[in-house]
Amino acid sequence: MELRLDGLSVVTDGRSLVRDLSLDVGSGQVVGLVGPNGSGKSTALRCVYRALRPSSGTVRVDGKDLSRLTVRRSAQVVAAMTQDGALELDFTVEEVIALGRTPHLRGNQALSRRERELCERAMDRLDIRHLARRGVLTLSGGERQRVLLARALVQEPAILVLDEPTNHLDVRHQVELLSLLRGSGLTVLVVLHDLNLAASACDRIGVLRDGRLVTAGTPEEVLTEDLVHDVFGVRASVVSHPLTGDPQLLYSLDPSL
Amino acid sequence: MPPEPPGGVKGRLASRKGLALACAGLFVVLLVSIVVAIGLGAAVITPGDTARYLWAAVSGGRVAADDVTTYQIIWEIRTPRVLLAALVGAGLSAIGVAIQAMVRNALADPFVLGVSSGASAGAVAVTVTGGLAALGVYAVSAGAFVGALVASVLVYAASSGRGSLSPLRLVLTGVAVSLGLQAVMSLLIYFAPDSEATSMVLYWTMGSFGAANWGALPVVSAVVLLGLALLYRYGRALDVLALGDETAASLGVGPDRHRKALLVLVSLVTGVMVAVSGAIAFVGLVMPHVVRMVVGATHARVLAVAPLAGAIFMVWVDLVSRTLVAPRELPLGVITALVGVPVFVLLMRRRGYMFGGR
């Protein structure tokens, strides 16, 4: 399914967080959203998973206005891996993952056999099967991130949005998570801080600054030395990855270089 | 099946069958507790005789002329009181579970959030001023409900600045509002024309089932049982709410809509309970924790067990309150705190139970 942000604006407390943002995510594409802290990336995502109502503009899924659906209906199509993983109650890992089925179930309806298998496969894919009976409060940050992604996958969405999914993950799990996203066949909109990971993982990248889309395109088109300096205020040399050919940034700590 | 996790009970109760068995067991314990509690008091009646009298009352059987006094003690005085204790214990426990999930704070309960104090203040206002007279016997309940609702809306609004609900701010506001409303209530009582002030303050802040009668039961049981059923039905929604607002929205559970509905429900049930028993602290805070330690955090399980456990607990607390220093009665809040606090601390240490503080 295709996801389209159409002239999205968000104003809270008189502050413009997102201004007239338009961005397309083609069916099955992985599109990255990058930008400095406070540039409105997470705010834009929140509109997609219905945690926030945009002040103007629309989020469209296959051309249909998402805000016309109930939250429940849109959660059957769009899943999110968010930043507020703060849990108070000590659910077990398998319980949290099973909650991913919520938009497909009525009341306290139990999971079917197929759904339980779905949960087990998701745990296998994210390498957390051994944690199934552990309490989520006892997990490390990285383990918890993987549990949250498993929950989003179990939701069986067509569209997946992720807010800095690689936070807290070690290198191996960062790479595994992004390659899982690439191989998932889902339409993915992902906020990433690491530009090199974004360049490797994304079909297209949108760059945000002060709530506005500065530019969008393939990693080669977007990640230039000028843009990185202009938007992020750092000097970087762009080189081509020796194996994949993706653009990769090399940073210098010495401003005189 | 995957291997049993350490700490077995949680694992065994995780299956539906195990849970159903546990609930059936608790239900039997509750019935036995009720019969035993009805038999005990100034006049001790054996459980067998108690059951016989109860059966006579329910089936319309005849009671020998010699036994009429005993029968009346059992049927007119003790039975409604014990049943009320069971209902209120069940209600308080379930409400505690719901409030803790809905504000995502393990320290929350109807008392901490000001809901109980609001209900007390509302009930006292109606009693003292004679307001809402048009509602007849339901006036006090209605006043308590309105008080509870006003208090919870006040706490909720004061702590949810900028859209996000800070758990810490919620508890602090709740405690402040709670104390403020208690002050209001005390003022109302002290300025009341007929002055049995001290005992009245004690009643509304510490709780007692001393005023129980059959007249109060239908409303209380209807509201509490309906509340329990509704809460149970929204078990999974409570699970999702406990994960946080962002997550709840992404899982199709609108957090604001659900919290508002829960707020009304919680206020209604608390209001009705406080109107008949005063504000009984600690049950709503401790019971959910004790139950979660045994059955895990999933609300469908917690809400199946907590009301039964709370009902059993309250029946015994009430029994102690009226028999320990008979003929005087101890306030319920004193006993719930004396029993609740050590049990709570002990369980928490034993099972390595986590609050959310990492």
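Chains A and B supply the protein sequences, listed in that same order.
Numbered as in the UniProt record's numbering, the first sequence ends at 257 without a single skipped number.
Numbered as in the UniProt record's numbering, the second sequence ends at 358 without a single skipped number.
Each residue gets a CB set at the ideal place from its N, CA and C atoms; glycine is no exception.
Distance check for valine 286 of chain B and glycine 340 of chain B, CA to CA, integer angstroms please. 7 Å
Taking the Cβ atom as the reference point for each residue, do arginine 311 of chain B and alanine 86 of chain B lie within a distance shorter than 8 Å? With the sequence shown as reference, residue 311 of chain B is identified as alanine, and arginine is not the correct amino acid for it. Contact flag set, yes.
Within chain A, partners of leucine 135 of chain B - CB distance below 9 Å: None at all; the shortest Cβ gap to chain A is about 34 Å.
Entirely within the stretch 169–234 of chain A and at least 3 residues each: give me those beta strand (DSSP E) ranges in chain order. 187–191, 204–209, 212–217
Collapsed DSSP secondary structure at isoleucine 189 of chain B in the structure displayed: Annotated three-state conformation of isoleucine 189 of chain B is helix, per DSSP.
Per DSSP, valine 239 of chain A forms a beta bridge with which residues? A:Gln248
For the alpha helix (DSSP H) containing aspartate 245 of chain B, list its first residue and its last residue. 245–250
From the DSSP output, in three-state form, read off glycine 57 of chain A for me. strand
Which of helix, strand or coil DSSP assigns to lysine 10 of chain B: In this prediction, lysine 10 of chain B scores a pLDDT of 46, lower than 50, which makes its location untrustworthy; no coordinate-derived value is stated.
As a quick exercise: from B:Ala106, B:Gly61, B:Trp204, B:Val320, pick the residue whose alpha carbon is nearest that of alanine 121 of chain B. Closest in alpha carbon position to alanine 121 of chain B, among B:Ala106, B:Gly61, B:Trp204, B:Val320, is B:Trp204.
To the nearest angstrom, how far is it from the Cα of leucine 105 of chain A to the Cα of leucine 243 of chain B? 17 Å
Per DSSP, glycine 135 of chain A forms a beta bridge with which residues? A:Thr92.
What number of angstroms, rounded off, separates the C-alpha of valine 177 of chain B from the C-alpha of glycine 39 of chain B? 41 Å
Leucine 89 of chain A CB to nearest chain B CB: under 8 Å? yes
Buried or exposed for tyrosine 234 of chain B, please, with buried defined as at least 16 other CB atoms from any protein chain shown within 10 angstroms of its CB. buried
Using the rule of at least 16 other Cβ atoms within 10 Å of the residue's Cβ for burial, across every protein chain shown, is proline 327 of chain B buried or exposed? exposed
Might you give, ordered along the chain, the residues of its own chain that have their beta carbon closer than 7 Å to the beta carbon of proline 54 of chain A, omitting 5 neighbours on each side? Only Leu8, Ser9, Val10, Cys47 meet the Cβ criterion.
What does the alpha-carbon distance come out to for the pair alanine 149 of chain A and alanine 22 of chain B? For the record, residue 149 of chain A in the displayed sequence is leucine; it is not alanine. Answer to the nearest angstrom: the Cα atoms are 34 Å apart.
So, is the C-beta of threonine 92 of chain A closer than 8 Å to a C-beta in chain B? yes
Mind checking the stretch 48–73 of chain A against chain B and listing, in chain order, the residues whose C-beta falls within less than 7 Å of any C-beta there? Tyr49, Arg50, Ala51, Val71, Arg72
I'd like the span of the alpha helix (DSSP H) that includes serine 93 of chain B, first residue to last. 79–102
Any idea what DSSP makes of arginine 68 of chain A, helix, strand or coil? helix
Residue interval of the beta strand (DSSP E) (run including serine 140 of chain A): First-last for serine 140 of chain A: undefined, no H or E at that position.
Contacting residues, own chain, Cβ-Cβ under 8 Å from leucine 265 of chain B (five flanking each side not counted): Ala98, Gly227, Leu230, Leu231
Hey, does threonine 247 of chain B have any beta-carbon neighbour from chain A nearer than 8 Å? For threonine 247 of chain B, a Cβ of chain A is located within less than 8 Å of the residue's own Cβ.
Hey, would you say valine 238 of chain A sits closer than 8 Å to tyrosine 251 of chain A, going by beta carbons? no
Looking at leucine 160 of chain A and alanine 216 of chain A, is the spacing between their C-beta atoms short of 8 Å? no
What beta strand (DSSP E) runs, 3 residues minimum, are completely inside the stretch 233–296 of chain B? none
If distances are taken between C-alpha atoms only, which option among B:Ala297, B:Leu54, B:Ala281 comes closest to arginine 104 of chain B? Here the closest residue by C-alpha is B:Ala297.
Please list the terminal residues of the continuous alpha helix (DSSP H) segment that includes leucine 107 of chain B. Taken as a continuous stretch (DSSP letters only), leucine 107 of chain B belongs to no alpha helix (DSSP H), as it is neither H nor E.
Does threonine 82 of chain A get closer than 8 Å to chain B when you measure Cβ to Cβ? yes
In this structure, how does DSSP classify methionine 81 of chain A when only helix, strand and coil are distinguished? strand
Checking 8 Å against the spacing of the C-beta atoms, do leucine 131 of chain A and valine 93 of chain A come in under that value? yes
Using a C-beta to C-beta distance shorter than 7 Å, which residues of chain B count as neighbours of threonine 102 of chain A? Arg236, Val240, Leu251, Gly252, Val253
What in chain B is Cβ-close to leucine 181 of chain A, meaning under 7 Å? The premise fails here: leucine 181 of chain A is roughly 17 Å from chain B at the closest Cβ pair, so nothing lies under 7 Å.
The stretch 98–115 of chain A contacting the stretch 32–51 of chain A, beta-carbon criterion three pairs below 8 Å: no
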